[in-house]
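Residue numbers (the numbering used here): 730 to 884.
Take a look at the structure below.
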């Protein structure tokens, strides 16, 4: 389940033209880097949505930006997607999330953990829901849980 929230009216007035800010807390475990790679790719591949992804990273993975930049071809910044990796020492998931929330620039924001991915069109559907119902403050989406050993959804 992913929860998206819109910023307050005062925050919206200061917003950049970004639509979404996605916060990804990352504890810097080497075994989570491959999961982070898939997570970032799923956000970068969203079409027709202007967005940023903020990876709040605790460190511990040497050369993370170089690896991601090389493997995902992130050196070519796309017109619709910006990735920011911010490394700060902290011990708590909630502290990482809080620090990411302080940096969001989009009208809508959500949290996506390194082991999670968006399906194609996910953010466009959330944006449409907010546009159709402008009185909404929060949209909660469903998710698929994938069995990592069998690589298919768990019923």
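Heads up, the beta-carbon is just placed ideally off N, CA and C, and yes, glycines get one too.
Check: Buried or exposed: where does residue 829 fall if 16 or more other Cβ atoms within 10 Å of its Cβ makes it buried?
Finding: buried
Notebook entry, point to check: I think residue 786 touches residue 751, with their Cβ atoms under 8 Å apart; what is that distance to the nearest whole Å?
Noted result: Not a contact, Cβ separation roughly 14 Å.
Note to self: DSSP has residue 750 in a bridge; who is on the other side?
What the structure shows: 781, 838
Note to self: Assuming contact is defined by CB atoms lying nearer than 8 Å, are residue 784 and residue 755 in contact in what I supplied?
What the structure shows: yes
Checklist line | Pick from 860, 779, 827, 847 that is closest to residue 870, judged by C-alpha positions | finding: 847
Notebook entry, point to check: Where does the unbroken alpha helix (DSSP H) through residue 812 begin, and where does it stop?
Noted result: Taken as a continuous stretch (DSSP letters only), residue 812 belongs to no alpha helix (DSSP H), being part of the beta strand (DSSP E) at 810–816.
Notebook entry, point to check: Roughly how many angstroms separate the alpha carbons of residue 839 and residue 867, rounded to a whole number?
Noted result: 10 Å
Item checked: Counted within 10 angstroms of its Cβ, other Cβ atoms place residue 782 as buried (16 or more) or exposed -> buried
Next item on the list: Have a look at the DSSP bridge pairing and note the partners of residue 787.
Entry: DSSP lists no partner for residue 787.
Item checked: Helix, strand or coil at residue 862 [DSSP, three-state] -> coil
Next item on the list: Have a look at residue 801 and residue 764 and give me their C-alpha separation to the nearest angstrom.
Entry: 13 Å
Notebook entry, point to check: Excluding the five sequence neighbours on either side, which residues of its own chain have a C-beta within less than 8 Å of the C-beta of residue 748, listed in chain order?
Noted result: 778, 779, 780, 835, 836, 837, 852, 856
Next item on the list: Pick helix, strand or coil for residue 867, following the three-state DSSP scheme.
Entry: strand
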